[in-house]
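J.: Residue numbers for the sequence shown follow the working numbering, beginning at 30 and rising by one.
To start, I am sharing the structure in question, which I have written as structure tokens.
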Amino acid sequence: MPGQRKRKRQRERAARSRSPQAGRWEQVFSTQDEAELRAETQRLYTEGELTDPSMLRVDMLCGRLRSPTTYRLSLFVPDASA
30 MPGQRKRKRQ RERAARSRSP QAGRWEQVFS TQDEAELRAE TQRLYTEGEL TDPSMLRVDM
90 LCGRLRSPTT YRLSLFVPDA SA
């Protein structure tokens, strides 16, 4: 498709310009139930702790027979010096 590469590069540049440069990801919630994960995410939005969706990261650690799938919810915490 013509122009697809150019649009992709524009999206990548825009994402980099919006992303914070200095900081760390801090885990705030961990569960094995997807419904609990959704409820916690909704709580963060309603209580005002999360205003920018790009500051939220959801990790899904896939399980096998012995260990079930685990979901981790992390928030980006910018450095105080920045």
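For glycine and all other residues, C-beta sits at the position ideal for the given N, C-alpha and C.
Since this is a predicted model, take the numbers as computed values, not measurements.
Go to GLU69, then tell me how far its alpha helix (DSSP H) extends in each direction, as first and last residue.
T.: 63-75
J.: Can you name the start and end residues of the beta strand (DSSP E) that MET89 belongs to?
T.: Unbroken beta strand (DSSP E) run through MET89: 85-90.
J.: I'd like to know whether the C-beta atoms of GLN39 and THR99 end up nearer to each other than 8 angstroms.
T.: no
J.: What is the rounded straight-line gap between the Cα of ARG93 and the Cα of GLU69?
T.: C-alpha separation (whole angstroms): 25 angstroms.
J.: Helix, strand or coil: how does DSSP classify GLU41 here?
T.: Three-state DSSP puts GLU41 in a helix.
J.: Considering only C-alpha positions, which residue in the set THR75, GLY77 and LEU90 is nearest to GLU63?
T.: Out of THR75, GLY77 and LEU90, LEU90 has the C-alpha closest to the C-alpha of GLU63.
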